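Those letters in the sequence shown? Residues 14 to 393, per the working numbering, in order.
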Amino acid sequence: MNSLKILFVEDNIIDLKSFKRFIERSNFKYIVDFSMSYDDVVDKLKYNEYVAIVTDFNLGINTAFDFFDFVDDIPIIIVTGAGNEEIAVQAMKKGAYDYVIKDMDYNYFKTIEITIENAIKNKQNETELENYKKHLESLVLERTNNLIEEIHERKKIEESLRILQENFKDAKNALILSLAELTESRDYETGLHLIRIREYCKHLSILLSKNSKFKSIIDTIFIEDIYESSILHDIGKVGIPDSILLKPGKLTDEEFEVIKTHTLIGAHTLEKVISKYPDFTSLKMAYDIAKSHHEKWNGRGYPEKLCKKDIPLSARIVSFADVFDALTSKRIYKPAFTYEKTFEIMKEDEGEAFDPYIFKVFEENYDDFVKIKEFYNSEE
C-alpha cells in the first residue's frame, strides 16, 4: 500500500462493509477513508488531502452532484446502479472523471481500483503539462529580459533575435508534442497513429499545393503548420472517460454523444493555449482541426454540421488521414481492413463525407499513403 489517500463515500452499510472486506483481502493500493454522509465528506475535506473521491450517487437528501459545487481539483468517480446510464452521462458532463456501474457480486470493486489509478495518472499528466507550460513561459521571459540588456550593438541584437526565434519555435514544438503525448496516453492502441497522421497530412498537402484549386492557399507555412498541428486532432479525448474511450463493444447513443464532445473539448483546450501563445499559427490551425475534423462535406458531420468549403481546409485534409489510418489499423473494437477494402469504403464517401476535389488527388496517389502506412507500422 502506498501513502496516497482516497475517500470512499457510500450510505449503504452493506456495500460499505463489502468494500472494506475487499480492501482487506485484495492488498488494495491506497489508504482509504470512509464516509456515509454529505456533511461528513465536507468535514473530512477540510482536514485531509485526497487523490480521488469515489462516491455513490444517492446520499440521502444530497447527491454526488453536490460535490462539484466545492471540489474542483480532486478527480471524482461516481458509482451508480445498473440502469442509471443517464445519470452517468450527466455526471461526465458535470466534470466527473469517470463512472462505475454496480453489480450484485461486487465485481465493480476491481474496476474502482483501476479507475482510481487512471484518474491519478491523468491528474499527474495535467499537472506536469501545466508546470511545463509555466517553465516555457519563464524561459521566454528570461530570454526577453536578456535581450533588453544586449541592445547596445546591432549585430548582437540581430543574433539574439535569431536565437530567440529558434528557441520560440523549439518551445512551440515541445508544447505541441507534450499536448499530443497527453492525448496518446489515454488511448493505448493508437501506436504510431499520430506520427502517421502528420506524414499523411504533409504529403497530401504537398500534392494539393500543385493543384490549381489549392496552390494559392497551400504554401510552405500551411504545410509546416499542418505537419505540426495535425497530431492534436484528438486532443479533446483527454476529457472522455476510459469506460467509453476504451470500450471494446458498440457504444450506446448516450456514449456516442459523449465521444462527440471531444471535438469541442479539444477546441476549448487549444483556445486557452492560444490565448497564452497567440503567435503560434500552427495552434490556430490545430484549433480548426480539433473542432472540425469530423465535419462532412454533405453537412452531416459534427459538432456544427458545416458543409463543403465552410469546413476549414486543414480539417478536410486531416479527415482523409484520420479515416485512412483508422480503417487500416487494428483497434480495440475492430480488426485492420485491407488497403483494397479501405479504399472501397472511402470511395463510397466521396462527395459525402470527403471533399471530392481532395479525394481525386488522394485517389491518384493512393499508393503513396499505403507506403507511408507500411513504413510507420511496427506494432500493428
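From the three backbone atoms N, C-alpha and C, an ideal C-beta is built for every residue, glycine too. On a predicted model such as this, the values are computed, not experimentally measured, just so you know.
Ile330 vs Leu221 beta-carbon contact at 9 Å:
For Ile330 and Leu221, yes; Cβs fall inside 9 Å.
Length of the line joining the Cα atoms of Asp69 and Lys123:
Put simply, the backbone Cα of Asp69 is about 16 Å away from that of Lys123.
heavy atom of the ligand ADP below 8 Å from Glu139 C-beta:
Judged by which ligands are present, the structure shown has none, so any question about the ligand ADP falls away.
Quick one: what's Ile114 bridged to in DSSP?
Answer is Thr93.
In whole angstroms, give me the CA-to-CA distance for Val336 and Asp28.
C-alpha separation (whole angstroms): 45 Å.
For the structure I just gave you, are there three or more beta carbon pairs, one from the region 37-45 and one from the region 79-97, closer than 8 Å?
Put simply, the region 37-45 does not touch the region 79-97. Fewer than three CB pairs are less than 8 Å apart.
Quick check on Asn135: does DSSP put it in helix, strand or coil?
Helix.
For the alpha helix (DSSP H) holding Met238, just list the boundary residues, first then last.
For the sequence presented, residue 238 should be read as Asp rather than Met. According to the DSSP assignment, Asp238 belongs to the alpha helix (DSSP H) that extends over Thr233 to Ser242.
Endpoints, alpha helix (DSSP H) assigned at Lys18:
It is not in any alpha helix (DSSP H) - Lys18 instead sits in the beta strand (DSSP E) that spans Lys18 to Val22.
Are Thr274 and Gly249 touching if we call contact CB-CB under 9 Å?
Yes; because the gap between Cβ atoms is below 9 Å, this pair is in contact.
Through-space distance from Thr276 to Lys260, alpha-carbon basis
Approximately 19 Å between the Cα atoms of the pair.
From Lys223 to Phe235, what distance separates their C-alpha atoms?
Distance between the alpha carbons of Lys223 and Phe235: 13 Å.
Does the distance from the CB of Val370 to the CB of Phe227 come in under 9 Å?
Contrary to the premise, residue 370 reads as Tyr rather than Val in this sequence. Cβ distance < 9 Å, so Tyr370 and Phe227 count as in contact.
In three-state DSSP terms, what is Lys318?
In this structure, Lys318 counts as coil in the three-state DSSP scheme.
Taking the beta strand (DSSP E) that Phe81 belongs to, which residues open and close that run?
Per DSSP, Phe81 is not a residue of any beta strand (DSSP E), being assigned neither H nor E.
Endpoints, alpha helix (DSSP H) assigned at Asp255:
Where Asp255 is concerned, the enclosing alpha helix (DSSP H) stretches over Asp255 to Leu258.
Nearest to Lys9 by CA position, among Lys322, Ser16, Lys215 and Pro88, is which residue?
What is shown of the chain runs 14 to 393, which leaves residue 9 out entirely.
With distances taken Cα to Cα, identify the nearest neighbour of Thr233 among Ser225, Thr355 and Ile219.
Minimum Cα distance to Thr233 is reached at Ile219.
Cβ neighbour criterion (16 or more within 10 Å) applied to Met105:
Note on Met105: 16 or more other CB atoms within 10 angstroms of its CB, so buried under the neighbour-count rule.
Cβ shell of Tyr63 (< 7 Å), same chain only, five flanking positions each side left out:
So the list reads Lys18, Ile19, Leu20 and Ile87, once near-sequence residues are dropped.
Just the Cα atoms here: how many angstroms apart are Glu377 and Glu237?
Glu377 and Glu237: Cα-Cα distance of roughly 23 Å.
Give me, in chain order, the residues of the same chain whose beta-carbon lies closer than 6 Å to that of Glu212; leave out the 5 immediate sequence neighbours on both sides.
Around Glu212: Ile385.
Do you know offhand how far Leu217's Cα is from Phe375's?
Answer to the nearest angstrom: the Cα atoms are 7 Å apart.
Give every residue of the same chain whose Cβ lies closer than 8 Å to the Cβ of Ile287, excluding the five residues on either side of it in the sequence, and list them in chain order.
Leaving aside the five residues that flank Ile287 on each side, the residues in its chain whose CB is nearer than 8 Å to its CB run, in chain order, Phe293, Leu296, Lys297 and Tyr300.
Taking buried to mean at least 16 other C-beta atoms within 10 Å of its own C-beta, is Gly94 buried or exposed?
Gly94 counts as exposed, since fewer than 16 other C-beta atoms from the protein chains shown sit within 10 angstroms of its C-beta.
Beta-carbon proximity check, Ile125 vs Val92, cutoff 9 Å
Contact: yes.
Let me confirm a value: Met117 is counted as buried when at least 16 other C-beta atoms fall within 10 Å, else exposed. Which label applies?
Flag for Met117 reads exposed.
Buried/exposed call for Pro254, threshold 16 Cβ in 10 Å:
Buried.
Let's see if you can read the secondary structure: which residues bound the alpha helix (DSSP H) around Ile66?
That residue, Ile66, is in no alpha helix (DSSP H); its beta strand (DSSP E) goes Ala65 to Asp69.
Can you give me the C-alpha to C-alpha distance between Leu174 and Ser243, rounded to a whole angstrom?
Note that Leu174 scores a pLDDT of 48, beneath 50, so its modelled location is shaky and nothing firm can be said.
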